[in-house]
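Participant: Note that the protein sequences, when read in sequence, are chains A and B. Once you know that position 54 of the first sequence is 54 in full-length UniProt numbering, the rest is easy, because the numbers rise by one and skip nothing. Once you know that position 85 of the second sequence is 85 in full-length UniProt numbering, the rest is easy, because the numbers rise by one and skip nothing. Built from N, CA and C at the ideal position, the CB exists for glycine as well.
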Amino acid sequence: MAKPQPPIKRDWMVTPVGAGPVARFVVLSVVAVVTLFILVAPLAVILSSAFAQGVGVFLRNLGDPGTLHAMWLTTITALIAVPVNILFGLAAAWTVTKFEFPGRTLLIALIELPYSISPIVAGVAYLFVYGSQGLFGPLLEQLDIKVMFALPGIVLASMFVTAPYVARELIPLMQVQGTDEEEAAVTLGAGGFATFLRVTLPNIRWAVLYGAILCNARVLGEFGAVSVVSGNVRGQTTTLPLQIELLYQDYNVAGAFAAATTLTAVAVVTILLKMLLERLAGDEHPSA
Amino acid sequence: MRRSVIPGFGLSLGITVLYLGVIVLLPLCALILKASDIGAAQLWAILSSPRTLAAIRLTVTMALAATIFNAVYGLLLAWVLARYQFPGKRLLDALVDVPFALPTAVAGLALTALFSKTGWFGSVLEPLGVSVVYTPLGIGIAMAFTSIPFVVRTVQPVIEDLGSDVEEASRSLGASDLQILSKIIFPSIFPALLAGASLAFARSLGEFGAVIFIAGNQPMKTEIVALLAFIRLEEYDYPAAATIAVVMLVMAFAMLLVTNAVQAWQLRYLGRGDR
Chain A
1 MAKPQPPIKR DWMVTPVGAG PVARFVVLSV VAVVTLFILV APLAVILSSA FAQGVGVFLR
61 NLGDPGTLHA MWLTTITALI AVPVNILFGL AAAWTVTKFE FPGRTLLIAL IELPYSISPI
121 VAGVAYLFVY GSQGLFGPLL EQLDIKVMFA LPGIVLASMF VTAPYVAREL IPLMQVQGTD
181 EEEAAVTLGA GGFATFLRVT LPNIRWAVLY GAILCNARVL GEFGAVSVVS GNVRGQTTTL
241 PLQIELLYQD YNVAGAFAAA TTLTAVAVVT ILLKMLLERL AGDEHPSA
Chain B
1 MRRSVIPGFG LSLGITVLYL GVIVLLPLCA LILKASDIGA AQLWAILSSP RTLAAIRLTV
61 TMALAATIFN AVYGLLLAWV LARYQFPGKR LLDALVDVPF ALPTAVAGLA LTALFSKTGW
121 FGSVLEPLGV SVVYTPLGIG IAMAFTSIPF VVRTVQPVIE DLGSDVEEAS RSLGASDLQI
181 LSKIIFPSIF PALLAGASLA FARSLGEFGA VIFIAGNQPM KTEIVALLAF IRLEEYDYPA
241 AATIAVVMLV MAFAMLLVTN AVQAWQLRYL GRGDR
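Written out as C-alpha cells, the structure reads:
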C-alpha cells in the first residue's frame, strides 16, 4: 500500500498576480497617498476653512438671511423633485423590466440620456422652451405664468439632471428578479396595485431608497443647470450651491465655506446611508 | 410583443413616456430647433470664432488629460478594492463616492482653497513654480476630481469577476507576473476601462461647477466651453449660446455612442451577450 503523499505545494495558487508583499505594499501605498491628496483633502479643507475663525463666526455665517433663504429654496426644490423622480423611476423600471415590447432598448437609452448631457446644455435647452425667446415663452407671458427665473424652472432643471437616478438603481435589480413572483400573484387573483405593493415593492425597497438618496444629493447640489434657469436673482432664486458662488464672488470666503459645510454634511450622510443600505440589501439577498 | 399577465403596462409606459417627453426630450428638441434656424453662415461664424475654438480646444485637452490620469489612478483603485483585503477597505470604497455625492460647487471651492497660494498644496507648489489656480492645470484637476468614480465603478466589478483559472493555468505553464498581467488580465479588463474612461471624458467635457471656481475664467486662456455658453446667454446672444450648447450635445452623443459600442464589445468579449 502506497504511503499517503504529502500535498503538492503549488505556489501559483496562493500568490495571484499582485498579491506578493512588495507589489501589494507599493500599489496600496500609491493608492492611499493619492486618495489622501485628492479625495480626503477637499473634505478636510472645507471643515477647516469653515471653522477657521471659530464656531461663533461659523454660526453667524450660517444664519445669514441670504444663506437661510437659499437653504429653504433648495429644500423646497428637493421636496418636489425627489418624490416625482421616485414615481417616474418606479414606472420606468416597471415598464422596461416586466414587459417585452418594441422600442424597449430605445426607452432604456432615453432614460439614461440626461446622465451624459452637460447640465449647462440642459439649462440652455430649458431656456429655449420656457424663456421669453422660447417655444412657450410668449404664451406663458400672456398668461402671466413664470417658469424661468423662478421655482418651477429650478425644479424642472433638477428633474432633467436627476431623471436617471432612481430608474438606474432599479432596472438592473428588477431585471435579475424577473417576473415570476408577480405572475404568480396575478394568477392567484391579486390586482395590479396589490401585486406591486405586496410583491414587487418589498423586493426593491432598499434600491428605491438608495436611488432616492442619490437623487436628493444631486438635486441639493445641482449647480450648472440651475444657474442657467434660475437667473441668479439675489435672495430670490439662489439655491444653496449658487449662494456659495455668490458669497465667494463677494470675497466672503468664510461665508461660502459655512454654506458649503451644510452640503458637505449631506454628502457625508449620503455616503454613510449608501454603505448602510448596501449592507441591508446584502443581508436580504446574500446571493446578489 | 409577448402578452404578459402582469397588468399596468399602459399606465407605467404612459407615465414614463410623458415624463421623458416633457422633462428630457422637449427641451432638447427646442434647443436643436433654435440652432437650426440660425443659418449655416452665422453658425460657422460662431463656431470658428477664435474664442469658441480656444474654449473647445482647452476643454477637450484638459478633459483628455483628466481622463488619462483617472484611467491610471482609477484602475489602481479598482484593483486594490477588488483584490486586496486590508484595514480601512470599506472606508476607501466609500471615499470613491465622494465626487458623486459632493456638489460640484463645493468641490470647486475646496480645490481652489487647497491650491491657492496660501492653501495646503498651493503653498508648497507655488515656490516650486507650479501654479494651479487660474491655470489650465487647475481645470484638469477639477475635471479629474469629479470623474474618478466613473472609471472605478465600471472597472471594479469586472476585476472582481475575473476567474482565477486562466491565471493559475498560465502560472503553472511558467508565465511571469508581467506576462499574466499584460496577456491575461489587462485584455479582459481593457473594454471596461475604455468604457469607464469614455464616461469620465464625457463628464469632464460638460463639467461646470467645479471648474469655474478654480479656472479664473479668462477668455482665450482658461475659459471652458460650458462657461462660454453661459456667458453668451447672459449677454442675450441666444444664437451663440444655442450653437455652443448643440456642439456640447453632439460631443455628449458621440461619447454615448463610443461607450455603448465599447460596452457591447465588452459583453461579447466576456462571452455573456445576454446580460
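#1: Against chain B, which members of the region 262 to 282 of chain A pass a CB distance test of less than 7 Å?
#2: Against chain E, does Met-159 (chain A) count as a neighbour if the rule is that its beta carbon must be under 8 Å from one of theirs?
#3: Would Arg-234 (chain A) be called buried (16 or more neighbouring beta carbons within 10 Å of its own) or exposed?
#4: Which first and last residues belong to the alpha helix (DSSP H) in which Phe-145 (chain B) is found?
#5: Just to confirm before moving on: does the CB-CB distance between Thr-237 (chain A) and Ala-125 (chain A) stay below 8 Å?
#6: Does Leu-79 (chain A) come within less than 8 Å of chain B when only Cβ atoms are used?
#7: Sort A:Val-229, A:Val-266, A:Leu-273, A:Thr-262 by Cα distance to Thr-244 (chain A) and report the nearest one.
#8: Which same chain residues, not among the five before or five after Leu-73 (chain A), have their C-beta less than 6 Å away from its C-beta?
#9: Give me the chain A residues within the contact set of Met-220 (chain B), using Cβ-Cβ distance strictly less than 8 Å, ordered along the chain.
#10: Shorter than 8 Å from the beta carbon of residue 308 (chain B) to some beta carbon of chain A?
#11: To which residues of the same chain is Gln-156 (chain B) closer than 7 Å at the C-beta, ignoring the five residues directly before and after it?
#12: Can you give me the C-alpha to C-alpha distance between Thr-67 (chain B) and Thr-154 (chain B), rounded to a whole angstrom?
#13: Would DSSP call Glu-284 (chain A) helix, strand or coil?
#14: Between Asp-97 (chain B) and Gln-85 (chain B), what straight-line distance do the alpha-carbon atoms span, to the nearest angstrom?
#15: State the start and end residues of the unbroken alpha helix (DSSP H) segment that holds Tyr-236 (chain B).
#16: If you measure between the beta carbons of Val-228 (chain A) and Leu-26 (chain B), is that distance less than 8 Å?
#17: State the Cα-Cα distance for the pair Leu-214 (chain A) and Ala-107 (chain B), rounded to the nearest angstrom.
#18: What whole-angstrom Cβ distance do Met-220 (chain B) and Arg-57 (chain B) have, given they're in contact under 8 Å?
#19: Determine, for Gly-74 (chain B), whether the minimum Cβ-Cβ distance to residues of chain A falls below 8 Å.
#20: Which residue wins for smallest C-alpha separation from Met-159 (chain A), given the options A:Gly-192, A:Val-186, A:Ala-184, A:Pro-119?
#21: Which chain B residues sit within Cβ distance under 9 Å of Ile-145 (chain A)?
#22: Rounding to the nearest angstrom, what Cα-Cα distance links Ala-229 (chain B) and Ala-63 (chain B) in this structure?
#23: Give the residues of chain B in contact with Gly-192 (chain A), contact being defined as C-beta atoms less than 7 Å apart.
#24: When the Cα atoms are used, what is the spatial distance from Met-1 (chain A) to Pro-172 (chain A)?
#25: Report yes if the CB atom of residue 289 (chain A) is closer than 8 Å to the CB atom of Ala-30 (chain B), and no otherwise.
#26: Check whether the Cβ atoms of Val-5 (chain B) and Leu-113 (chain A) lie closer than 8 Å to each other.
#27: Tell me where the alpha helix (DSSP H) around Tyr-126 (chain A) begins and ends.
#28: Answer with buried or exposed for Leu-127 (chain A), where buried requires no fewer than 16 other C-beta atoms within 10 angstroms of its C-beta.
#29: Counting only runs of 4+ residues fully inside the region 210 to 240 of chain A, write out the alpha helix (DSSP H) ranges in chain order.
#30: Under a Cβ-count criterion, where at least 16 other Cβ atoms within 10 Å of its own Cβ denotes burial, should Gly-8 (chain B) be classed as buried or exposed?
#31: What residues in the region 85 to 98 of chain B bring their beta carbon closer than 9 Å to a beta carbon of chain A?
#32: Assuming Thr-162 (chain A) and Glu-182 (chain A) form a contact by the criterion Cβ under 8 Å, report the distance between their Cβ atoms to the nearest whole angstrom.
#33: According to DSSP, is Thr-118 (chain B) part of a helix, a strand, or is it coil?
#34: Can you tell me whether Ser-147 (chain B) is buried or exposed, with buried defined as 16 or more other CB within 10 angstroms of its CB?
#35: Exposed or buried, which one is Thr-61 (chain B) when buried takes at least 16 other CB atoms within 10 Å?
#36: Excluding five sequence neighbours on each side, which residues of the same chain lie with their C-beta closer than 6 Å to the C-beta of Ala-81 (chain A)?
Facilitator: Taking the coordinates as given:
#1: Leu-263, Thr-264, Ala-267, Thr-270, Ile-271, Lys-274, Met-275
#2: Included in the structure are the protein chains A and B, with no chain E among them.
#3: exposed
#4: 136 to 161
#5: no
#6: no
#7: A quick correction: the sequence has Ile, not Thr, at residue 244 (chain A). Nearest of A:Val-229, A:Val-266, A:Leu-273, A:Thr-262 to Ile-244 (chain A), Cα basis: A:Thr-262.
#8: Thr-239
#9: In chain order: nothing, as chain A lies at least about 19 Å away.
#10: The structure shown has nothing for residue 308 (chain B), since chain B only spans 1 to 275.
#11: Ala-78, Leu-81, Ala-82
#12: 14 Å
#13: helix
#14: 19 Å
#15: Counting along the chain, Tyr-236 (chain B) falls outside any alpha helix (DSSP H), and DSSP gives it neither H nor E.
#16: no
#17: 17 Å
#18: Between Arg-57 (chain B) and Met-220 (chain B) the Cβ distance is about 10 Å, and since that is not below 8 Å, they are no contact.
#19: no
#20: A:Pro-119
#21: Chain B residues near Ile-145 (chain A): none, gap ~15 Å exceeds 9 Å.
#22: 17 Å
#23: Pro-7, Gly-8
#24: Any reading at Met-1 (chain A) must be qualified, since the residue scores a pLDDT of 48, below 50, and its modelled position is unreliable; the value itself is stated next. Distance between the alpha carbons of Met-1 (chain A) and Pro-172 (chain A) is about 57 Å.
#25: For residue 289 (chain A) there is no data in the structure shown, the boundaries of chain A being 1 and 288.
#26: no
#27: 119 to 130
#28: buried
#29: 224 to 229
#30: buried
#31: Phe-86, Gly-88, Arg-90, Leu-92, Asp-93, Ala-94, Leu-95, Val-96, Asp-97, Val-98
#32: So it is not a contact: roughly 27 Å between Cβ atoms.
#33: coil
#34: buried
#35: exposed
#36: Val-155, Ser-158, Met-159, Val-219
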